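Step one of this worksheet: look at the structure below.
Residue numbers (the working numbering): 730 to 1096.
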């Protein structure tokens, strides 16, 4: 067999209700909602609701102001309200923490200096492919703690800069998520949904960013200033998708599955490992045919030790803007092969402590 471990969960007082993907109903999930935001408010921070950070005003290598709009709609009427309700924030130092899509977008809208063309580049997604299986016994995968077990076997058994590796996890299933993800329609989908209590799914999270054919995507701006991510699904990635599907199906049949369905628009339901292996080896692994999803976004304002290799310095400061720090997952120069929440918390905690020391000349311990 292959080694597998329980997934460490960032929760306190979890009721195991299985509703995590739709928002924790008991606040057991240790997100920013119940950790860093309350802690900041306790220390005197102000929280501006329904306020969108639009762009920085820049002069002589410094930010002079942050321009914000009220609300989140992009309709013409809303834009007029935005213009009347604009907020300007003036500070000695600014921390940008809008995530791997919106941090690059704010800087792009601001016309931030980007002398080496690194802004928005190398944005990574942990592209995910899946395989669904039906067992004789009930699985009821919508119940209890989600994603309880994983293996890094397929990350650790090959060179990091070779064919793309992948982490396998057992994800949670909810009826709407399941129904909107599996292929097919009509009677075939009816049969799949009828077997939902007996269904089990595996996902393969591919670790992108460690090979020249895995440069990640690029954040750009649409004509209205909103961000869009261009992420190429190339042959290198699709080779990993095929190998991952084969690994997942083999595991599912070994565990006793009566039938398996890899999530691909041209795949069928297979009843033996030999049948499944032959079929998947013949499938065209192409965008829109191969079901690829993502929940982890990293990069776009990559941290680097040299100015020509990234957007931010190792201390989180922007290379060209002297009063700007970036503290979020956009700092990652590659993906990390795991859910990045705790890694973001850890990196940002260290950077924030260093920033406080530089600005106030005193030591603090934030966490």
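Quick reminder that beta carbons are idealized off the backbone N, C-alpha and C, glycines included. Treat the numbers as computed from the prediction; the structure is a model and nothing was measured.
Asked                                                                                                          : Found
Same chain only: Cβ atoms within 8 Å of residue 937, ignoring 5 sequence neighbours per side                   : 853, 854, 855, 856, 893, 943, 945, 966, 1063, 1064
Of the listed residues 800, 1078, 1086, nearest to residue 778 (C-alpha basis)                                 : 800
DSSP-derived helix/strand/coil call for residue 859                                                            : strand
Cutoff 8 Å; reference residue 981; Cβ partners in own chain excluding five residues on either side             : 860, 862, 929, 931, 989
Three-pair Cβ contact test at 8 Å for the region 1032-1049 versus the region 1080-1091                         : yes
Residue 875 versus 1088, 1057, 753, residue with shortest Cα-Cα distance                                       : 753
For residue 828 and residue 732, the rounded distance between their alpha carbons                              : 33 Å
CB of residue 933 within 7 Å of CB of residue 858, strictly                                                    : yes
Three-state class that DSSP yields for residue 771 in the structure shown                                      : helix
Burial state of residue 964, where buried means 16 or more other Cβ atoms lie within 10 Å                      : exposed
Sequence ranges, beta strand (DSSP E) only - wholly within the region 840-913, length at least 3               : 857-863, 878-880, 895-898
Alpha helix (DSSP H) runs contained entirely in the region 992-1016, provided each spans 4 or more residues    : 1002-1011
Length of the line joining the Cα atoms of residue 878 and residue 734                                         : 6 Å
Buried or exposed (CB count within 10 angstroms, at least 16 for buried), residue 905                          : exposed
Neighbour-count burial assignment, residue 914, 16 or more Cβ in a 10 Å radius                                 : exposed
Buried versus exposed call for residue 758 [16 or more other C-beta atoms within 10 Å across all chains shown] : buried
Buried or exposed (CB count within 10 angstroms, at least 16 for buried), residue 1090                         : exposed
Beta strand (DSSP E) segment containing residue 792, residue limits                                            : 791-799
For residue 897, the nearest candidate out of 1072, 881, 1014 (CA to CA)                                       : 881
Burial state of residue 1029 (16 or more Cβ within 10 Å)                                                       : buried
Spatial distance of residue 900 from residue 782 (CA atoms)                                                    : 34 Å
Rounded straight-line distance, which links the Cα of residue 911 to that of residue 991                       : 9 Å
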